[in-house]
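Asks: Mind looking over this structure? Questions follow.
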Amino acid sequence: MTTILAVDDSASMRQMVSFALKSAGYEVVEAADGVEALDKAKSQQFNLVITDVNMPNMDGIELIRKLRELDIYKYTPLLMLTTESAMEKKSEGKQAGATGWIVKPFDPEQLVATIKKVL
Amino acid sequence: MAIDMTQFLQTFYEESFEGLEIMEAELLNLDGGDASEDTINTIFRAAHSIKGGAGTFGLQEIAAFTHVMETLLDEVRDGKRDLCTDLINLLLRSADCVKAMMAASRDEEEYDVDEVESVQKSLRALIDNKTDTTAPTTPDADPAKGKVESSEVSYKISFIPLPNLLQTGNDPARLFNELDELGKLTIDVDHDAMPELVDLPVDECTLSWTLTLVTTEQPEVIRAVFDWVSDECELTISCDENEQPEPEQENATVESKEPSTTKVEPKPKEKSDKVKEQGSIRVGIDKVDSLINLVGELVITQSMLGQLGKDFAVERLEKLKDGLSQLERNTRELQENVMSIRMLPISFAFNRFPRLVHDLNQQLGKKIELKMTGEHTELDKTVLEKIVDPLVHLVRNSVDHGIETPAVRLKQGKPEIGTVELKAYHKGGSIIIEIRDDGAGLDTDRIHAKAVERGLIGSDEVLSEEQVYDLIFRPGFSTTEVVSDVSGRGVGMDVVKRNIRALSGVVDVKSVKNKGTIFTIRLPLTLAIMDGQLIQIGGHTYIIPLISIIESLQIKKELVNTITARASVYKLREDYIEIVPLYKIFGIEAMQTEIINGLLVVVEGDGKKVGLLVDDLLDQQQVVIKSLETNYKKVEGISGATILGDGTVAMILDIQGLIELAHRYEKIDDIKNNVSEVA
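Chain order of the listed sequences is R and D. Using this note's numbering, the first residue of the first sequence is number 33, and each one after it goes up by one. Using this note's numbering, the first residue of the second sequence is number -17, and each one after it goes up by one.
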């Protein structure tokens, strides 16, 4: 079973991402910020991590950097959810080791299509 | 896969309103002070989340509006712009707009378009002034869409990954698969750069490729496939020779194109069930758990008692008594727990005041700091909801009438910044709320003059200070000549007092000229249950709220002074208190009609002490208050009724009402007609 870790501090976004991915047949674990996500990622190997950028406690870029440092996430696809206005965030994310990004706003179909590309 | 986005809206609204509250609170915190990075980040994040969510869930107007806010906040975050008072005010107004738009969308109503547009204009103006940022655009439709169907073109793609491409979890094979979907793909691999097997690094990409793709798609689409890896490769896409489109020589590092962004189509608004105020409260899971625990205990006690009842013998009486006391304990605990569910921290009422004071400061040109303590003090939800308006009125009053302008304050040697303090705490079975300011204090002369002018008192009447203060609570009294926008909203302090009294509470005021004023509100913790003293008059049982009883005593003949046939007073230590013969007021038969044989229950209401003449004192117990108004009609002197253990109905005395009633009784005769129907 392919398991995805969905990280976003906004509950509605998390719900939406999670719902879309589950409908597409993936198993989804949710986390509300980078700290929680890192914790969960350490205790379970995920096949993909999809994270928001702006979050309290630990933001998405820091999370990606920390995950890439872990052996078990060295080659795992790590995607970030970013807004069209945050171009510089994309390169910052890439620097940290992100595989790619999905631009907000997006609809569930796009999300699933993008995820299918990397899994 | 069609997913109904409306199912996430409820959560989105909730978290957005929460976010807006946080934004507002943080903005108010900033007021005047230095902005920490954390605070700005928090504010930014709130706007950012709302924008992202609104766009995704099809609320384009909100997304567009918050986008502008976000752009501004982003500049603040990057240190390109100062968070000055004007900007804070504008952001506060913006937050109001978003709130209004959000509420309108939730309730399917209209919002104030003019206000939103004017705020948006101001925001834009600010942005345009400072920087040349391109006008905010809402996400446009997919650039790849709507293109003309073109004929097949053969592209030559040179793809030379940097060694670190694999380290971001990207995989050339995935890219090729994707390209393959666009048309007919041929792959040529170039492994010249590949080192000997022994030297081959495992996580570096040393291969490069030349791809040929025959497709009808535009070059942008091809480049979009490489979007994620654009920083980690050298990419050249060229049109194969002979074809007419001019050669497309493009280095991927020049510009990266976003992957296609399709717009979320605003769905036709379905009539989702109305989600207005649902009158629900959030209850901590621990409270629920402890309730379940208690119910478990109750069930055990019940089964134990059931067992006892099945084959009862006199020698088991002790066991029965045990069981009953256990039952009583269970019930009481259960009751306390259930009541605590209805209890909410008073911060629900307090948290609107920072904004209120901020706005009033702006409006009145005053400098006032608001201090709040005891925000976590809990009180009943109903009481909480009803105390908000009186509190708002009192705070407005303190800000408007109490605190002086900075100039006046400085002249008087006071600190320039005035203080309004809100304080809540428990005392006995009540909750006390204080509104304290260090302003001018109440002007007794002015109040007196005003009261004379309004015909509330005679011009030669000499009043104590307290009596003068009391005047401000009288209907038809207002000290400001001009009804200001701030505190003169057509409601006076009399309404404040009435509302508080409707909650069985009292309000009083203390003031020192040029030092300040303190309004103190005392409220019962809950309106549903109270501790009562049962008393007997003739064959009737009445209940006096324990909270208003000061003492009970056996009447000593020599301390009674008869003033008129209807009025007598009792000397209680240094005081003289009125004796109120309840049986006369209620027009019922009593056993003790002679004052000297009776018992006197000294009660306090509205700051006045009186002695109620009763036949006998019975038990003290908690009583459940039932409204007389909803079940029968409003009766003066009675605040409600309850059902006693033996099934009879007992009236609960309204002490303040009773005192008024007694005063009238002393003056007129036919009071009986008014109340006899109750008894």
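No residue lacks a Cβ here, since even glycine has one placed at the ideal position from N, Cα and C.
(1) For residue -13 of chain D, which of R:34, R:39, R:133 and R:45 has the nearest alpha-carbon?
(2) Tell me which same chain residues have a C-beta within less than 7 Å of the C-beta of residue 92 of chain D, skipping the five on either side of it?
(3) Would you decide whether residue 18 of chain D is buried or exposed? Buried here means 16 or more other CB atoms lie within 10 Å of its CB.
(4) Report the neighbours of residue 129 of chain R on chain D: residues whose CB is nearer than 8 Å to its CB, in chain order.
(5) Where does residue 455 of chain D fall in DSSP's three states?
(6) How about residue -15 of chain D: is its C-beta nearer than 8 Å to some C-beta of chain R?
(7) Shorter than 8 Å from the beta carbon of residue 79 of chain R to some beta carbon of chain D?
(8) Which bits of chain A does residue 213 of chain D rub up against, with CB to CB less than 8 Å?
(9) If I follow the unbroken alpha helix (DSSP H) through residue 121 of chain R, where does it start and stop?
(10) Within a Cβ cutoff of 6 Å, which residues of the same chain sit near residue 383 of chain D, ignoring the five residues on either side of it in sequence?
(11) Can you check which of these residues, R:48, R:103 and R:83, is closest to residue 75 of chain R by C-alpha distance?
(12) So is residue 48 of chain R in contact with chain D if we call contact Cβ pairs under 8 Å?
(13) Any contact of the stretch 92 to 111 of chain R with the stretch 59 to 69 of chain R, i.e. 3+ C-beta pairs under 8 Å?
(14) Expressed to the nearest angstrom, what Euclidean distance is found between the alpha-carbon atoms of residue 456 of chain D and residue 443 of chain D?
(15) May I ask which residues mark the beginning and end of the beta strand (DSSP E) holding residue 143 of chain D?
(16) Can you tell me where the alpha helix (DSSP H) holding residue 565 of chain D begins and where it ends?
(17) Inspect the CB distances between the stretch 403 to 410 of chain D and the stretch 353 to 368 of chain D and report whether three or more fall short of 8 Å.
(18) Whole angstroms is fine: what's the gap from residue 627 of chain D's alpha carbon to residue 522 of chain D's?
(19) Taking Cβ to Cβ, would you say residue 316 of chain D is nearer than 8 Å to residue 280 of chain D?
(20) Would DSSP call residue 501 of chain D helix, strand or coil?
(21) Taking C-beta to C-beta, are residue 214 of chain D and residue 150 of chain D nearer than 8 Å?
(22) What does residue 396 of chain D touch in chain R if you count any residue whose Cβ is under 7 Å from its own?
(23) Taking all protein chains shown into account, decide if residue 66 of chain D is buried (16 or more other Cβ within 10 angstroms of its Cβ) or exposed.
(24) List, from N- to C-terminal side, the alpha helix (DSSP H) runs of 4 residues or more that fit wholly inside the stretch 42 to 115 of chain R.
(25) Along the alpha helix (DSSP H) that carries residue 54 of chain D, what are the first and last residues, could you check?
(26) Going by the CB atoms, is the gap between residue 52 of chain D and residue 30 of chain D shorter than 8 Å?
(27) Quick one: is residue 37 of chain D near chain R, going by C-beta distance under 8 Å?
(28) Ordered along the chain, which non-local residues of its own chain (more than five positions away) have a Cβ less than 8 Å from that of residue 165 of chain D?
(29) Return yes when at least one heavy atom of the ligand NAP lies under 7 Å from the C-beta of residue 547 of chain D, else no.
(30) Quick one: what does DSSP say residue 62 of chain D is sitting in, helix, strand or coil?
(31) Helix, strand or coil for residue 173 of chain D, going by three-state DSSP, please let me know.
(32) Return the bridge partner residues of residue 97 of chain D from the DSSP annotation.
(33) Taking residue 559 of chain D as the reference, which of D:518, D:478 and D:545 has the closest Cα?
(34) Residue 160 of chain D CB to nearest chain R CB: under 8 Å?
(35) What are the boundary residues of the beta strand (DSSP E) that residue 632 of chain D is part of?
(36) Can you list the residues of chain R that residue -3 of chain D reaches, using a CB-CB cut of under 7 Å?
Replies: From the atom records:
(1) R:45
(2) 86
(3) exposed
(4) Within chain D, the residues 149, 150 and 151 have their CB atoms less than 8 Å from the CB of residue 129 of chain R, given in chain order.
(5) Residue 455 of chain D carries a coil assignment under DSSP once its states are collapsed to helix, strand and coil.
(6) yes
(7) no
(8) In summary, chain A is missing from the structure at hand, where the protein chains are R and D.
(9) Where residue 121 of chain R is concerned, the enclosing alpha helix (DSSP H) stretches over 119 to 128.
(10) none
(11) R:103
(12) When Cβ-Cβ separations below 8 Å define contact, residue 48 of chain R makes contact with chain D.
(13) yes
(14) If you take the alpha carbons of residue 456 of chain D and residue 443 of chain D, they lie about 16 Å apart.
(15) 135 to 143
(16) Run containing residue 565 of chain D: 564 to 568, per the alpha helix (DSSP H) assignment.
(17) The stretch 403 to 410 of chain D is in contact with the stretch 353 to 368 of chain D.
(18) 15 Å
(19) For the 8 Å CB-CB criterion, residue 316 of chain D and residue 280 of chain D form a contact.
(20) strand
(21) yes
(22) Result: empty, since nearest Cβ-Cβ is about 40 Å, beyond 7 Å.
(23) exposed
(24) 43 to 55, 66 to 75 and 92 to 101
(25) 42 to 59
(26) yes
(27) yes
(28) Here residue 165 of chain D has 134, 195, 196, 197, 198 and 199 as same chain residues with Cβ atoms under 8 Å from its own Cβ, once five neighbours each way along the sequence are excluded.
(29) The ligand NAP is absent from the structure shown, which contains no ligands of any kind.
(30) coil
(31) coil
(32) Paired residue(s): none; residue 97 of chain D is not in a bridge.
(33) D:545
(34) yes
(35) 631 to 635
(36) Correct list: 42, 43 and 44.
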